[in-house]
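J.: Let me begin by handing over the structure; questions about it come next.
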Amino acid sequence: MALIVQKFGGTSVKDADRIRNVADIVTKKYQEGNDVVVVVSAQGDTTDDFIAKAAELNPHPSAREMDVLLSAGEQISMSLLAMTIENMGFPAVSLTGWQAGIKTDLNYSSARIRKIDPERVRSLLDRRKIVIVAGFQGISPHNSITTLGRGGSDTTAVALAAALHADLCQIYTDVDGVYTADPRVVKNAVKLDEITYDEMLELATLGAQVLHNRSVEMAKRYNVDLEVISSLTRNPGTKVKEAVSVEKMIINGVACDKHVTRIAVMGIKDEPGMAFKLFGLLAKENISVDIIIQSIGRGDQKDISFTVAEDLGEKTVELLKANQKTLGFQDISMQSGLAKLSIVGAGMASNAGVAAKLFDALASCMINVRMISTSEIKISVIINGDEADRAVKAVHAKFFD
């Protein structure tokens, strides 16, 4: 039949009943004649519990030892699921990331997959085994355990699907699929039957928490067919692929990231190379910058404002202040508690007036826009964080009601 990779998140395996439910989903696919590879996350709050346990003993543990500790969560899930499937009378084998051939770089806690040797997994599939792999982890060139960072199990699943040339990669979560907005905020949000890689990548990057952006990037690169589906309802999910078969809507979704900080660097020299010095410094410290605005120069000076993730705000300001003499700016300010609201859709490239509708929706509920960024398939605005939910509802209503 087909080779299917299935990934189950922490809520899907959080207790014995949920694990039995997952085992039922997996074995049904197996009984249909499919080869099945399963990727699992740690149960429920296991990762947070491990972090708390480490803090009790060492407030500043090494990144290497934290990776060793955190990788155990997925290993617990994989072994419990394998035991459950065996108890149902089906052959199952669990593998850690390194046993499954997942090789990464040296970056503890945020490693990148460099290569997958799928031979062991293929050999087990050839013997009609259900192969269960611990997500979120791999092994470095120095044979140390590494973890892949946030969304790592999604990335593991897509990477294995690519390496094995799987027919489908199913990401099972606690939601039915990809919606036009967060259904917890917008009650009449609509589930999408399908969405393109580019649109899903934008939504994932902009705050939608259904898929991690690294997994979507990899799916697009290797043309892996993805499906986001619920492990609880088992209703049809949302297909993520290169092209969709229906007439495009103008936009496909409204996303919101409520953890944004704006940094303003004022009085920087208005001369060639200054932007490179500023953002090159941030890049060396792995600080990702999002929206950037440069003011019209005043005399020989200009101001540059940009946004970073909220948890990088203090680090960014400290780094720039430490290099104030080199950069030659006069002052710096930081504003936290902001949100980035975005509309995404390939259809907006051929439809005039999309931006006008967005700003009309925001103006109608008296929401001020602080920064704006655009591309062919998205428009993003920075607003006050305490206005985020109200803004999402107004914008969604403007485009979808």
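First residue of the sequence shown? That's 6 in the numbering used here, and the numbers climb one at a time after it.
For every residue, glycine included, the Cβ atom is placed at its ideal position computed from N, Cα and C.
Since this is a predicted model, take the numbers as computed values, not measurements.
Is the beta carbon of Tyr177 sitting closer than 8 Å to the one on Lys12?
T.: As a first step, residue 177 must be located in the sequence shown, where it is residue number 172. As a first step, residue 12 must be located in the sequence shown, where it is residue number 7. Yes, the pair counts as a contact, with Cβ atoms nearer than the cut-off.
J.: On the DSSP bridge assignment, give the partners of Phe311 in chain order.
T.: In the sequence shown, the residue the question calls residue 311 occupies position 306. DSSP lists Ile268, Ile297 as partners of Phe311.
J.: Specify, as a first and last residue, the run of the beta strand (DSSP E) that Phe13 falls within.
T.: Residue numbering aside, residue 13 sits at position 8 when the sequence shown is read from its first letter. Taken as a continuous stretch (DSSP letters only), the beta strand (DSSP E) holding Phe13 covers 8-13.
J.: Take Gly102 and list the residues in its own chain whose beta-carbon comes closer than 6 Å to its own, dropping the five residues that flank it on each side.
T.: Translated into the one-based positions of the sequence shown, residue 102 becomes position 97. Around Gly102: Ala139, Gln142, Gly143.
J.: So, are the CB atoms of Ala168 and Pro96 less than 8 Å apart?
T.: Taking the sequence shown and counting its residues from 1, one reaches residue 168 at position 163. Taking the sequence shown and counting its residues from 1, one reaches residue 96 at position 91. No, Cβ-Cβ distance for Ala168 and Pro96 is not below 8 Å.
J.: Pick from Lys134, Tyr113, Val397: whose alpha carbon is nearest that of Val43?
T.: Position 38 of the sequence shown, counting from 1, holds the residue named residue 43. Val43 has its Cα closest to that of Lys134, out of Lys134, Tyr113, Val397.
J.: Do Leu283 and Ile255 have their beta-carbon atoms positioned less than 8 Å apart in this structure?
T.: One-based indexing of the sequence shown puts residue 255 at position 250. One-based indexing of the sequence shown puts residue 283 at position 278. Not a contact, by the Cβ cut-off of 8 Å.
J.: Is the distance from the Cβ of Ile387 to the Cβ of Arg375 below 8 Å?
T.: Here the question's residue 387 lines up with position 382 in the sequence shown. Here the question's residue 375 lines up with position 370 in the sequence shown. Going by C-beta atoms, Ile387 is nearer than 8 Å to Arg375.
J.: Spatial neighbours of Glu247 within its chain, please: C-beta separation below 7 Å, excluding the five flanking residues on both sides.
T.: Taking the sequence shown and counting its residues from 1, one reaches residue 247 at position 242. Excluding positions up to five away in sequence, the list reads Thr201, Tyr202, Asn228.
J.: List the DSSP bridge partners of Asp40.
T.: Counted from its first residue, the sequence shown places residue 40 at position 35. For Asp40, which the question treats as bridged, DSSP gives the partners Leu8.
J.: From the DSSP secondary-structure annotation, give me the bridge partner or partners of Leu231.
T.: For this step, residue 231 is matched to residue 226 along the sequence shown. Looking at the DSSP assignment, Leu231 forms a beta bridge with Cys174, Val245.
J.: According to DSSP, Asn389 sits in a beta bridge with which residue or residues?
T.: Within the sequence shown, residue 389 is the residue found at index 384, counting from 1. According to DSSP, Asn389 bridges with Leu343.
J.: Closest by CA to Val45, which one among Gly352, Ser236, Ala351?
T.: Here residue 45 is taken as the residue at index 40 of the sequence shown, counted from 1. Comparing Cα-Cα distances from Val45 to each of Gly352, Ser236, Ala351, the minimum goes to Ser236.
J.: Restricting to Cα atoms, I'd like to know which of Val265, Lys289, Ile268, Arg303 is closest to Glu276.
T.: Indexing the sequence shown from 1 puts residue 276 at position 271. The residue with the shortest Cα to Cα distance from Glu276 is Arg303.
J.: Along the chain, which unbroken stretches of the beta strand (DSSP E) at least 3 residues long are found entirely within the stretch 60-107?
T.: Entirely contained in the stretch 60-107, the beta strand (DSSP E) runs reaching 3 residues are, in chain order, 97-100.
J.: Taking the runs of the alpha helix (DSSP H) that are 4 residues or longer, which of them lie wholly in the stretch 101-156?
T.: The qualifying runs are 124-131.
J.: Give the C-beta separation of Lys274 and Gln306 to the nearest angstrom, bearing in mind that I take them to be a contact with Cβ-Cβ under 8 Å.
T.: Position 269 of the sequence shown, counted from the start, is the residue given in the question as residue 274. Position 301 of the sequence shown, counted from the start, is the residue given in the question as residue 306. Indeed, because the Cβ distance is near 7 Å, the residues count as touching under 8 Å.
J.: Would you say Leu173 and Ile30 are within 8 Å of each other, going by their C-beta atoms?
T.: Start at 1 with the first residue of the sequence shown, and residue 173 comes out as number 168. Start at 1 with the first residue of the sequence shown, and residue 30 comes out as number 25. No. Outside cutoff.
J.: Which residue comes first and which comes last in the alpha helix (DSSP H) that contains Thr321?
T.: By one-based count along the sequence shown, residue 321 stands at place 316. Counting along the chain, the alpha helix (DSSP H) containing Thr321 begins and ends at 318-327.
J.: Give the straight-line distance between the Cα atoms of Glu199 and Lys244, rounded to the nearest whole angstrom.
T.: Walking along the sequence shown from the start, residue 199 turns up at place 194. Walking along the sequence shown from the start, residue 244 turns up at place 239. The straight-line gap from Cα to Cα measures roughly 4 Å.
J.: Closest to Ala47 by CA distance: which of His147, Ala399, Lys33, Asp159 is it?
T.: Your numbering for residue 47 matches position 42 in the sequence shown. Measuring from the Cα of Ala47, the nearest candidate turns out to be Asp159.
J.: Please confirm whether Thr210 and Arg267 have their CB atoms less than 8 Å apart.
T.: Start at 1 with the first residue of the sequence shown, and residue 210 comes out as number 205. Start at 1 with the first residue of the sequence shown, and residue 267 comes out as number 262. Not closer than 8 Å, so no.
J.: Give the DSSP-derived three-state secondary structure of Arg219 in the structure shown.
T.: Numbered from 1 along the sequence shown, position 214 holds the residue referred to as residue 219. It is helical.
J.: Using alpha carbons as the reference points, say which of Ser128, Ser220, Ala105 lies closest to Gly154.
T.: Mapped onto the sequence shown, residue 154 falls at position 149. The residue with the shortest Cα to Cα distance from Gly154 is Ser220.
J.: Do Cys261 and Ala351 have their C-beta atoms closer together than 8 Å?
T.: Here the question's residue 261 lines up with position 256 in the sequence shown. Here the question's residue 351 lines up with position 346 in the sequence shown. No, the Cβ-Cβ distance between Cys261 and Ala351 is not below 8 Å.
J.: What residue from Asn218, Val259, Lys225, Gly182 has the CA that sits closest to Ile234's CA?
T.: Mapped onto the sequence shown, residue 234 falls at position 229. The candidate whose alpha carbon is nearest that of Ile234 is Gly182.
J.: Any idea if His217 is buried or exposed, counting beta-carbon neighbours within 10 angstroms, 16 or more meaning buried?
T.: As a position in the sequence shown, residue 217 is number 212, starting the count at 1. By the neighbour-count rule (16 or more Cβ atoms within 10 Å), His217 is buried.
J.: What number of angstroms, rounded off, separates the C-alpha of Arg226 from the C-alpha of Arg23?
T.: The residue given as residue 226 occupies position 221 in the sequence shown. The residue given as residue 23 occupies position 18 in the sequence shown. So the alpha carbons of these two residues sit roughly 33 Å apart.
J.: Less than 7 Å between C-beta atoms, sequence neighbours within five positions excluded: which residues of the same chain meet that for Glu315?
T.: In the sequence shown, counting from the first residue as 1, residue 315 sits at position 310. Around Glu315: His264, Val265, Thr266, Ser341.
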